[in-house]
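These notes are about the structure you will find just below.
2 protein chains.
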Amino acid sequence: MNYSIKSRIWIESNGKVLLGHGRIELLKAIDQYGSLSKAAKALQLSYKKAWQLVDAVNKSAKQPVTINSIGGKNGGGMQLTDYGKNLIKIFETINENCWAFLDEQLKKIKTF
Amino acid sequence: MNYSIKSRIWIESNGKVLLGHGRIELLKAIDQYGSLSKAAKALQLSYKKAWQLVDAVNKSAKQPVTINSIGGKNGGGMQLTDYGKNLIKIFETINENCWAFLDEQLKKIKTF
DNA sequence: AATCGTTATGTTTTTACAAATATAACGATT
DNA sequence: AATCGTTATATTTGTAAAAACATAACGATT
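Those protein sequence lines, which keep their order, are chains A and B. Everything in the first sequence is counted per our numbering, starting at 4 for the first residue and increasing by one. Everything in the second sequence is counted per our numbering, starting at 4 for the first residue and increasing by one.
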């Protein structure tokens, strides 16, 4: 039995993607760096692509996920809201539970 | 709460994709029509793409998933082996269980 | 008002992938 | 041996997504 089972989950809001693996990684990097441009660089993502992703998340979410500031002493920055941090937590918990569930399902299959 | 949770699962064999949603749909269509070309047409898939998918499945699976015949009275055809039919059953069962599990997980979240 | 590093956005170029096209191989049937 | 509808495979073309490039807007600081 060299077969293994993998999965990707995502959360939708009104039929549109709210959060998937890539967006979660981006939000975590924003939280880490306090800057979208730095987060994009760390993930080897173009700034524009990263901005579009964050914009899409904020437009689909029920509450803002980031706080964006332009200009100022360090040019500005981007932080996560508490709501955003909570979304990450929920997503990752469900994702890990899903992995465990699938591994268990595979174990139940005797032969193939 | 208009959030919903979706998923895609796939089975890997030695680190390579064996079966995912698209391949399962294709195998089911082959089973239905007894022909790869007809199955491809039904799924609005180019014959070549369909053939490559089936070829990849057969190369990754531990046992052949299809029986292919070339030439003959009706030009040939493609059937599923019992092993192939069994793989479909297993995949779909686990997939449905996964959906139910994720819906349940989402219900557990009180507010967001 | 000049500078700085950031967010925000438009425009162009590249690239990866899908689709389309073409053709060979096959074997039962006639 | 000619035909037929299929599987098998190579080559070309098209297209949509990604990347690259460019520039505007912003506001605290100097």
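Note that beta-carbon positions come from the ideal geometry of N, C-alpha and C, so glycine has one too. Given the structure is predicted, the values throughout are model-derived calculations rather than measurements.
So if DSSP puts glutamine 82 of chain A in a beta bridge, which residue, or which two residues, is it bridged to? In DSSP, glutamine 82 of chain A forms a bridge with A:Ile70.
Can you find the residues in the same chain that come closer than 8 Å, C-beta to C-beta, to glycine 25 of chain B, ignoring five residues on each side of it along the sequence? Leu56
Interface partners of isoleucine 8 of chain B on chain A, CB under 8 Å: Ile12, Trp13, Ile14, Glu15 and Ile97
Go ahead and pull the three-state DSSP assignment for isoleucine 14 of chain B. strand
Same chain, Cβ closer than 6 Å to isoleucine 14 of chain B, neighbours up to 5 away in sequence not counted: Leu21 and Leu22
Are the stretch 40-48 of chain A and the stretch 30-41 of chain B in contact at 8 Å, needing three or more beta carbon pairs? no
At the 8 Å Cβ level, is asparagine 61 of chain B part of the contact set with chain A, yes or no? no
Along the stretch 29-47 of chain B, what residues have a CB closer than 7 Å to any CB found in chain A? none
Which residue marks the beginning of the beta strand (DSSP E) containing leucine 48 of chain B, and which one marks its end? First-last for leucine 48 of chain B: undefined, no H or E at that position.
Could you say if the stretch 69-82 of chain A and the stretch 70-87 of chain B meet the contact criterion of at least three C-beta pairs nearer than 8 Å? no
Cβ of tyrosine 86 of chain A within 8 Å of Cβ of glutamine 66 of chain A? yes
Compare the beta carbon distance of asparagine 5 of chain A and serine 7 of chain B with 8 Å and say whether it is the shorter of the two. Against a cut-off of 8 Å, the Cβ pair of serine 7 of chain B and asparagine 5 of chain A comes out as no contact.
Could you tell me which residues DSSP pairs with leucine 22 of chain B in its beta bridges? B:Ile14
Own chain residues within Cβ distance below 7 Å of asparagine 61 of chain A, not counting five before or after: Here the set comprises Pro67, Val68 and Thr69.
Closer than 8 Å, CB to CB, is asparagine 89 of chain B near chain A or not? yes
Which term fits serine 49 of chain A, buried or exposed, when burial requires 16 or more other beta carbons within 10 angstroms of its beta carbon? exposed
Same chain, Cβ closer than 8 Å to leucine 46 of chain B, neighbours up to 5 away in sequence not counted: Glu28, Leu29, Ala32 and Ala53
Leaving out five residues on either side along the sequence, give the residues of the same chain with a beta carbon under 7 Å from the beta carbon of isoleucine 12 of chain A. Ile97, Asn98 and Cys101
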